[in-house]
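Trainee:
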Amino acid sequence: MYTEKVLDHFQNPRNVGEIEDASGIGTVGNAKCGDIMQMSIKIGEGEVIEDVKFKTFGCGAAVATSSMATELIKGKTIDEAMRLTNSAVVEALEGLPPQKIHCSVLAEEAIKAAIEDYRKKKTK
Ligand code: FES
137 MYTEKVLDHF
147 QNPRNVGEIE
157 DASGIGTVGN
167 AKCGDIMQMS
177 IKIGEGEVIE
187 DVKFKTFGCG
197 AAVATSSMAT
207 ELIKGKTIDE
217 AMRLTNSAVV
227 EALEGLPPQK
237 IHCSVLAEEA
247 IKAAIEDYRK
257 KKTK
């Protein structure tokens, strides 16, 4: 029921961990299952995302979607990353079972929260 891509990203998740001198950190939780996702991002010249890492207390689908999401936003500007939707991540993974779609929302929200955090810090 899971695609090869989902299994690959679940078994070999990319960009796991936390960036020490992160430009922004976002932590979000899913009310349905209680899982938690944290994204840390490093922003460089031209507001490009130079590095991104995630940590999660989440299910396999949350691990796979976050892993794919980090790959999709690395090297992009924060404006481009803000436009990344959970459906684009699910599409890149070639689908998720319907009852697992909410897990992909965690990844999208955590990225947005990390960017918001960066923007807040910048205007201080
Ligand atoms: Fe909680 Fe997937 S069941 S994130």
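Using this note's numbering, read the sequence shown as starting at 137 and increasing by one per residue. The C-beta atom is built at its ideal place from N, Cα and C for all residues, glycine as well. Treat the numbers as computed from the prediction; the structure is a model and nothing was measured.
1. List the residues that DSSP assigns as beta-bridge partners of Asp187.
2. Specify whether the region 232-241 and the region 211-219 touch according to this definition: at least 3 beta carbon pairs, one from each stretch, less than 8 Å apart.
3. Could you name the residues that DSSP lists as bridge partners for Ile161?
4. Three or more C-beta pairs under 8 Å: does that hold for the region 145-163 against the region 236-244?
5. Taking 8 Å as the cut-off, does the region 169-188 touch the region 219-230 (at least 3 CB pairs, one atom from each stretch)?
6. Taking the CB atoms as reference points, tell me whether Leu242 and Ala200 lie closer together than 9 Å.
Mentor: Let me spell this out:
1. Along the sequence shown, one-based indexing puts residue 187 at 51. According to DSSP, Asp187 bridges with Lys178.
2. Under the Cβ criterion (8 Å, minimum of three pairs), the region 232-241 does not count as touching the region 211-219.
3. Residue numbering aside, residue 161 sits at position 25 when the sequence shown is read from its first letter. According to DSSP, Ile161 bridges with Ser176.
4. Output reads no: the region 236-244 does not touch the region 145-163.
5. With a cut-off of 8 Å, the region 169-188 and the region 219-230 do not count as touching, because too few Cβ pairs lie within range.
6. Position 106 of the sequence shown, counting from 1, holds the residue named residue 242. Position 64 of the sequence shown, counting from 1, holds the residue named residue 200. In this structure, Ala200 does not lie closer than 9 Å to Leu242 by Cβ.
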